[in-house]
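Residue numbers (the working numbering), protein chains in the order written: chain A, 1 to 350; chain B, 1001 to 1350; chain C, 2001 to 2350; chain D, 3001 to 3350. Data block below; observations after.
Number of protein chains: 4
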Amino acid sequence: MKALVYHGPGKIEWEDRARPELRDPGDAIVRMLKTTICGTDLHILRGDVATCTPGRTLGHEGIGVIEEIGSAVTTFHAGDRVLISCISSCGKCEYCRRRMFSHCATGGWMLGNTIDGTQAEFVRTPHAETSLYPIPAGVDEEAMVMLSDILPTGFECGVLSGKVEPGSTVAIVGCGPIGLAALLTAQLYSPAMIIAIDLDQHRLDIAAQFGATHVLDSAADDIKARVMALTDGKGVDTAIEAVGVPATFLLCEDIVAPGGVVANIGVHGQPVELHLERLWSRNISITTSLVDTYSTPMLLKTVGSGKIDPTRLVTHHFKFDEILAAYDTFGRAAETQALKVIIAFEERSA
Amino acid sequence: MKALVYHGPGKIEWEDRARPELRDPGDAIVRMLKTTICGTDLHILRGDVATCTPGRTLGHEGIGVIEEIGSAVTTFHAGDRVLISCISSCGKCEYCRRRMFSHCATGGWMLGNTIDGTQAEFVRTPHAETSLYPIPAGVDEEAMVMLSDILPTGFECGVLSGKVEPGSTVAIVGCGPIGLAALLTAQLYSPAMIIAIDLDQHRLDIAAQFGATHVLDSAADDIKARVMALTDGKGVDTAIEAVGVPATFLLCEDIVAPGGVVANIGVHGQPVELHLERLWSRNISITTSLVDTYSTPMLLKTVGSGKIDPTRLVTHHFKFDEILAAYDTFGRAAETQALKVIIAFEERSA
Amino acid sequence: MKALVYHGPGKIEWEDRARPELRDPGDAIVRMLKTTICGTDLHILRGDVATCTPGRTLGHEGIGVIEEIGSAVTTFHAGDRVLISCISSCGKCEYCRRRMFSHCATGGWMLGNTIDGTQAEFVRTPHAETSLYPIPAGVDEEAMVMLSDILPTGFECGVLSGKVEPGSTVAIVGCGPIGLAALLTAQLYSPAMIIAIDLDQHRLDIAAQFGATHVLDSAADDIKARVMALTDGKGVDTAIEAVGVPATFLLCEDIVAPGGVVANIGVHGQPVELHLERLWSRNISITTSLVDTYSTPMLLKTVGSGKIDPTRLVTHHFKFDEILAAYDTFGRAAETQALKVIIAFEERSA
Amino acid sequence: MKALVYHGPGKIEWEDRARPELRDPGDAIVRMLKTTICGTDLHILRGDVATCTPGRTLGHEGIGVIEEIGSAVTTFHAGDRVLISCISSCGKCEYCRRRMFSHCATGGWMLGNTIDGTQAEFVRTPHAETSLYPIPAGVDEEAMVMLSDILPTGFECGVLSGKVEPGSTVAIVGCGPIGLAALLTAQLYSPAMIIAIDLDQHRLDIAAQFGATHVLDSAADDIKARVMALTDGKGVDTAIEAVGVPATFLLCEDIVAPGGVVANIGVHGQPVELHLERLWSRNISITTSLVDTYSTPMLLKTVGSGKIDPTRLVTHHFKFDEILAAYDTFGRAAETQALKVIIAFEERSA
């Protein structure tokens, strides 16, 4: 089969690989239908993710059809159309029992990281029964691809950790795909104000279309002063960090209101300064999180009922043998205005 | 009357001052019975608290007898014995309605900071009806003094913010009075393990007497390794920072388990490094807080029912005209082994 | 001044009464601008509310202008336009400190019940600072009248007690004004399904316009079977009882899913049968509540931001001297299709 | 092997049965070490439990040694000593993902109900990895038997559903084994007052020894008046129903304070009257629940740390071939003063 293989910093190839086989009784083999590329894949490509070693097939998102199941799998069958979660979870370890699936003792973020992933014609998914979800009939399949990672990440790490609630004020710092996913899902809780902040005017335009009540250009504006002016001098109840660099985290520290939350989604490569000399008395919380995907069943219902339309994140489409072009487009997002790209595999009769 | 007055860094005097008078309809004048000294008073004395200016009578803790009430006060009367909360709260602003009394629009930490405080024969207490508590009959009055600040601070900022719960693991970094208050009140939730950490062997001995299941000497031990060994390599569910310097906060970052909380109580004078490059994916929370004293009514019941005995924090007793000696003893705690000192005023017939 | 006075079962008069005067330091005198009639006023008129005795001016909703304030009132001034909450709360008793304002030791539902109310040219409002809300500039005043009682009641007693959340399923049993208020505010949490149930086809039509995803005619349908069919045989996560008779409560018992909540809003006059022989093992909760109005500040923001438009509940308008006609229209709601009626007083220059 | 088999109302036999065999890949076969008898077993014996049909081996509690594991079981091995949960849960269905294991789509209360149970030399346990718990070294094995059902039931259905918290007031209506389990575990949250209520003076004596602050004899006392007197006329914050008949539930309705919870543990055979005409405005909750055993890992830690000693519930010991005598003793608890009985199987070398 064909697979997109990482060969060290800066090097990926679309090449022939052996088709994966069942290894554990809880595994499934899934024939991919659609996949996508994540910002984290670009991190890997830059050599920033030590756990992902050369030779690895990338990708941790997508939907497919079950081709084969292990002997312990009873709730799925060959032929089932499934959503693949970016997090593999056993459902039985201490962390899974606490619904912290991201820290599963024998799972977590494995696909396209510590085992071969979904940017291939076939993928082996461990802990299939607790890591795959049946796709309801009639649901848009591109919407489903957004449920592998980006939508639950924006929702859990940004909106739920950030305690967004009706009438509250929210700032989203960074309007890339993950910030926009937080923006879409924040509206499930009807906050009174959502301030989107970015350097890129095009992304701010999209944020406004997606429901931001205010947009601020971090290149042009005195952001802190603007946020204070919009919030009667208090700051925001929830500041969502969706970039992953010190400057954006510091901005969140500056604009969070007393009693508020800084919800970090960004993947950080270095420490940041925490201004406890100001913040110690402000009754704030700072949260960090890897997505647990415990919200996936709920998001499936929410997408199914039309409350949010995650296909709005999809900007480009590619065939599976154009995946290197897809990487190129996604990698030059500032120019191409790419948010999420869909890579479709050939349909075949089961 | 006599009052302990701050005259700039390093200077306090026990001197004659005019007796305070009612100013607002919600005020009460309280004749002091007992007061104490807080670590924050020493911060003021070092010149670290910019809001507290020379000429200020210090003190934000204590109990007394109401001498006079303003025209709007209906729930208290002259002669009532009352507990004075360190936080003045109006009960009606936006923050008070959310029970974030520490950030009351016309209150907060005022006594001994922005208005004259309780280390005096009389004190004016604003917002009396929502800042004083009747002392139940038969309750130990020294226990009550501990409810002005230290017990609710340890409990709210450490135990409740830290989400201590039955069966959980807790580390308390710093075993001064505030850390010990957290230790006493943490036991209301029956955690399985409480690890007390300090440099001072005497304080560790006290921590063990007060209920710590393990004590670690931060001078001698490799604390991180020891905590990991005690917790099956996971770290603690709750790390309570009760010192206020970068090193102790960094230790908390190091020993908190995935899914855990770092609950900061310490008053910090400088920024600390937040290792987001490690913590971004660990699903932790960091909380800061000034005490809101919303737990005071509950603590009154808990002390009344004998579940905790805060008088264990009291090590020294002074008469009111020995207050400078009390400051000296409390200021040299390492030598004197002082935790909390009680300063008693003369009883007189009402 | 003119006032609508209750003179025993079936008897109300629009008559001259002495203008109210300040009595306590926390009082305000408010000149009414707009009021409305509540289902509870009809209960009083039927003689069902023992606490409301003949001679009482009715009404517990409305907006007005402050005419005069007591000596303890500092946050309001004559001339302020205010929303009058149906619940008077002191902000300082044990229940108020727990935000259970409805059970305030010296407040609760007083207006138009145990003291004279808002269906008059002037009203005395006790505990003014914690029972009145400033009306933000530019907000629709008829929307504000809906915030005195009906919107917070539907929201707190139905939606919040019922734990409505994104993706959940909700049934609202009874589509009178209060059920419709629950329907409007439930959407702040983006449930996947809202099933509206009533006997009246007109009210079901309105429910559909207001956002119900399904409507069921309780006269024609086998409701339980229909709800089970819509929810894959599970029942609803939240069943909101908005009528107050045994049959509708029993229906809620029948249609609540395992793990779900029956949130009672209805005012009941008799006991109901609780089928614990079926329900003991179903992990359900049943909640009752009098509105606490703790959500009023949040609803003010939500209405201000356009997330909900409570004026959709207003069907009829009357001048203040047409109030008897307003009662007649509201009392014959089945015929007149009245939901909420607005009674406007004459504007005058301040 | 020998097993205790139900043969219809009133009939049980200790007889030879075929040893159970693995059936599903997730099964384990456990050789029993210790088991006990539950009040529910007596319900079965009275013919009250329709799902349990003649021919069934009874018992849903106990500890044992794993004899054999199915092909999908990876986290347990032959020879492991395990605690058997009364609830079998797959860990992967919708209910399990929500931690409502009692309603597992392919599990729930199966053992000794819909499949053969633990009052036998061997038992087949489905969903072994998510329904068995390793027994920590050094823990008292009789304490472990109490963790199969009675301790998590008292804790989850009574204490957690009842929101017991530091300083709160609790009434436990019924001091049989399950009420006493609630009494033991309630103290993990340090309530200020626990009122134990029963007809049996011996059980009240035990309740007092186990930590009740007050005991009331429901035969002799005017319970409602006594509870009101003890609680300043308010009633209790948590009323735990641990009997399962209408009279005790009605008592809970009478003594719950505004804002409080009635937490039902009792297994009810008939409906009860819910006095909504009084309760609709009291802001109370009523909860029902089958134990989910989500607290088992936490209770294991709590018992391990010595915070509670569940062996205090054990009053009698029997050998496995005395099980009919054990039933007799447990069935005549009023005379024999039995709480929990331990039935021990022969130890053999692995």
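Glycine included, every Cβ here is placed at the ideal spot set by N, Cα and C.
- For the beta strand (DSSP E) assignment, the uninterrupted runs of no fewer than 3 residues enclosed by the segment 2021-2083 of chain C are, from N- to C-terminal side, 2028-2035, 2063-2069.
- ASP2232/C counts as exposed, since fewer than 16 other C-beta atoms from the protein chains shown sit within 10 angstroms of its C-beta.
- By the rule that beta-carbons nearer than 8 Å mark a contact, THR75/A touches chain D.
- THR2125/C does not reach chain B, its nearest Cβ partner there being about 14 Å away, counting only Cβ pairs nearer than 8 Å.
- ILE2178/C sits away from ALA2219/C, with the two beta carbons spaced by 8 Å or more.
- One alpha carbon belongs to ALA2105/C, the other to CYS2093/C, and they sit about 6 Å apart.
- Contact check for LEU230/A against ILE195/A passes: the beta carbons are separated by less than 8 Å.
- Among the residues facing chain B, PRO2134/C is not included, as its CB has no counterpart in that chain under 8 Å away.
- Taking 8 Å as the CB threshold, ASN2113/C stays off the interface with chain D.
- At least 8 Å separates the beta-carbon of CYS3090/D from that of HIS3060/D.
- Chain order gives the chain D residues near MET1193/B as SER3305, where near means a beta carbon separation below 7 Å.
- Beyond the five residues adjoining it in sequence on each side, ARG31/A comes within less than 6 Å, by CB distance, of GLY64, VAL65, GLU67, PHE122 in the same chain, given in chain order.
- Separation of the CB atoms of SER289/A and ASN1283/B is rounded to 5 Å, and the pair is thereby assigned contact status at 8 Å.
- In terms of beta-carbon proximity, SER3085/D stays away from the interface with chain B, with every pair separated by 8 Å or more.
- The beta carbons of GLY1062/B and THR1040/B sit no closer together than 8 Å.
- For the segment 2054-2079 of chain C, residues whose beta-carbon sits nearer than 9 Å to a beta-carbon of chain B comprise GLY2070, SER2071, ALA2072, VAL2073, THR2074, THR2075.
- For THR1336/B, the enclosing alpha helix (DSSP H) covers residues 1333-1336.
- At least 8 Å separates the beta-carbon of ALA128/A from that of ALA18/A.
- Comparing alpha-carbon positions, the option among PHE1249/B, THR1053/B, GLY1259/B lying closest to ASN1113/B turns out to be THR1053/B.
- Here ASP1116/B is buried, its C-beta having at least 16 other C-beta atoms within 10 Å.
- Chain D places a beta carbon closer than 8 Å to that of SER1190/B, counting this residue as a contact.
- Taking each of ASP2292/C, ILE2069/C, LEU2313/C in turn and checking the Cα distance to TRP2109/C, the smallest one comes out for ASP2292/C.
- Taking 8 Å as the cut-off, the Cβ atoms of ALA1344/B and ASP1200/B do not count as close.
- Going by DSSP, TYR1095/B is part of the alpha helix (DSSP H) stretching over 1094-1097.
- Rounded to the nearest whole angstrom, the C-alpha separation of GLU21/A and ALA78/A is 14 Å.
- Assignment of LEU3274/D by DSSP, reduced to helix, strand and coil, places it in the strand class.
- Within the DSSP bridge table, the entry for ASP198/A names ASP217/A as partners.
- Within the DSSP bridge table, the entry for ALA1263/B names ILE1240/B, THR1287/B as partners.
- The Cβ of THR2130/C sits closer than 8 Å to at least one Cβ of chain B.
- Interface criterion not met: the Cβ of ILE1172/B is under 8 Å from no Cβ in chain A.
- Contact residues of the segment 3256-3276 of chain D toward chain B are absent (C-beta to C-beta distance below 7 Å).
- For the segment 1091-1102 of chain B, the residues whose beta carbon sits under 9 Å from a beta carbon of chain C are, in order, GLY1091, LYS1092, CYS1093, GLU1094, CYS1096, ARG1097, ARG1098, ARG1099.
- At a cut-off of 8 Å between beta carbons, THR2302/C contacts chain A.
- For the pair GLY55/A and VAL267/A, the Cα-to-Cα distance works out to about 23 Å.
- For PRO2297/C and ALA186/A, the gap between their C-alpha atoms comes out near 20 Å.
- None of the residues of the segment 1143-1162 of chain B has a beta carbon lying less than 7 Å from any beta carbon of chain C.
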